[in-house]
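Residue numbers (this note's numbering): 1 to 286.
Glycine is no exception: its CB is placed at the ideal position from the N, C-alpha and C atoms.
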């Protein structure tokens with residue numbers, strides 16, 4: 001196990017296994033629990049093995065997931081909840097694995113858990129616990145704002161999607177960050193809402209996903225490679241499309257709140273959340 005699992009000086013645990021690059025924070029009464037975080041590794045192995053067995057089905061859009069079980073079914077249900085027929089269950093894979101690890105650790109006595117699976121973060125907070133989390137204005141940039149998550153907020157997953165990330169995107173959003181009760185749902189919704197930001201413009205450069213990643217689960221769909229500086233009207237249009245879809249997902253119960261950015265213009269849904277976010281360049285977790 002030591003080949004894949006490494007304890008960091010601050011007590012967090014780094015896991016580098018197959019497609020998973022994960023940093024696990026586990027604490028009880030502010031004391032790190034690296035041994036407990038390390039012990040979660042078999043859960044990661046089991047989740048990835050279960051998902052790999054259903055990979056052909058999970059790489060295609062689906063309307064019915066009744067034949068699936070376990071983690072593949074969780075992935076499919078998260079995507080179906082978003083109501084976007086072009087998404088495949090792979091849009092929720094990172095969040096699903098993060099949820100599984102966070103649940104396992106939290107059930108064994110940690111009162112603060114943050115499982116960062118390549119930027120998709122499962123959060124579990126016990127009584128009175130809180131976590132400061134940075135918001136990215138763009139996936140290749142630094143922290144611009146910090147929000148404090150408290151147990152009463154009910155946030156269990158925070159996921160970000162947009163241009164420049166490790167996954168392909170169909171929109172122009174620099175970043176869309178979704179806060180949901182479960183990380184799998186946040187993962188699917190962040191992908192979907194970021195996709196909704198697309199505007200047709202000569203300043204938006206696109207290609208088929210298969211031209212960039214031939215084995216992509218969305219190989220036949222158009223993605224955005226990069227954007228030139230956009231006109232004000234294009235930015236407003238993209239942000240409004242994000243706002244409308246975020247409100248729809250809020251009504252469906254799929255998200256608690258969301259933040260989005262297009263070339264330096266920030267949007268919060270609902271708007272009242274803006275008041276809770278303070279300008280800061282602090283680290284991602286305090």
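Taking all protein chains shown into account, residue 187 has 16 or more neighbouring C-beta atoms within 10 Å of its C-beta and is therefore buried. Ranked by Cα distance from residue 98, the first of 129, 121 and 253 is 121. Judged by DSSP secondary structure, residue 195 falls within the alpha helix (DSSP H) whose first and last residues are 183-195.
A direct Cα-Cα distance of roughly 19 Å separates residue 204 from residue 266. Excluding residues up to 5 positions away in sequence, 11 lie with their Cβ nearer than 6 Å to the Cβ of residue 32 in the same chain. Rounded to the nearest angstrom, the Cβ distance from residue 74 to residue 87 is 14 Å, too far for a contact under 8 Å. As DSSP reads the structure, residue 41 sits in no beta bridge.
Here residue 95 carries a helix assignment [DSSP, helix/strand/coil]. For residue 32, the three-state secondary structure derived from DSSP is strand. Beyond the five residues adjoining it in sequence on each side, residue 94 comes within less than 7 Å, by CB distance, of 117, 118, 120 and 187 in the same chain, given in chain order. Here residue 173 is near residue 260, since their CB atoms are less than 7 Å apart. Distance between residue 76 and residue 252, taken at the CA atoms: about 17 Å. The beta carbons of residue 124 and residue 146 sit no closer together than 7 Å.
In its chain, beyond the 5 residues on either side, 12 and 114 have a beta carbon closer than 6 Å to the beta carbon of residue 25.
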